[in-house]
Amino acid sequence: MPTLAQLTKRRVPFEEFLTARGAQIMQPTNEWEVLRFKSTKGVSIVYRNSKDGLTFTGESADAWNAFAGNHAWRGAPATKRPKSVEGHVRALLARDGEHCFYCFKATTEENRTVEHLVARAHGGPNHLSNMVLAHRKCNSNAGHMSAMEKIRLRENNGSSL
Ligand SMILES: [Zn+2]
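Okay, here's the thing in structure tokens:
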């Protein structure tokens, strides 16, 4: 657990971490409260004592550990995927079926992702003509490939079936 000085130093990014995950930063109600926030599990408070030690209550210790160790933490239920992604998935299922572009095996609602053949970062359009369905794992394996390399990967996988 951090000392008061360490927490104070990283307070702004920590508050941003909390807010980005759905927690709500609240005003401290007395001088011993260093940080107060509200999540779906209720109010969590970090207190300091007269010797500048810290006491973490509620979810504050979990949240700090996640923040400091780069782990997942959520103060509110994950927001639903944007509607446009759902729409693309539906259109791709209708066009290509449920198999993965790379490995040809069936995808499920849990593991399917929309893959942009020309990466968005390389100017690929956010349009169905540039999209295929792929397993999350297959998608990330092809992460840094060019569109040509991706298609070659698919062909190699296909010919070994
Ligand atoms: Zn796959």
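Positions in the sequence shown are counted from 1; adding 2 to them yields the numbering used here.
From the three backbone atoms N, C-alpha and C, an ideal C-beta is built for every residue, glycine too.
Distance, residue j Cα to residue i Cα
{"i": "ASN132", "j": "HIS124", "result": "12 Å"}
{"i": "LEU94", "j": "LEU130", "result": "7 Å"}
{"i": "SER148", "j": "ARG154", "result": "10 Å"}
{"i": "ALA144", "j": "THR59", "result": "43 Å"}
{"i": "ARG122", "j": "ARG12", "result": "33 Å"}
{"i": "THR21", "j": "ILE27", "result": "7 Å"}
{"i": "ASP64", "j": "HIS73", "result": "10 Å"}
{"i": "ASP54", "j": "ASN113", "result": "47 Å"}
{"i": "GLN8", "j": "ASN32", "result": "20 Å"}
{"i": "ARG138", "j": "GLU111", "result": "11 Å"}
{"i": "LEU135", "j": "SER142", "result": "12 Å"}
Identity of the residues DSSP links to residue i by a beta bridge
{"i": "GLN26", "result": "LYS40"}
{"i": "ILE47", "result": "ARG38"}
{"i": "THR165", "result": "Shown here, the chain extends from 3 to 163; a query on residue 165 therefore has no answer."}
Residue-level contact to chain B via CB, residue i, 8 Å cutoff
{"i": "THR59", "result": "Among the protein chains of the structure shown there is no chain B, as only one such chain exists."}
Exercise for the section: Just jot down, in chain order, the residues whose CB lies closer than 6 Å to any heavy atom of ligand 1. Expected result: Spelled out in chain order, the answer is CYS102, TYR104, CYS105, LYS107, ALA136, HIS137, CYS140.
Problem - Segment contact, 8 Å Cβ cut-off, at least three pairs: the region 22-38 with the region 49-56 - result: Output reads yes: the region 49-56 touches the region 22-38.
Practice task
Identify every run of the beta strand (DSSP E) within the region 61-138, keeping only runs that are complete inside it and at least 3 residues long; order them along the chain.
Solution key: 114-118, 133-137
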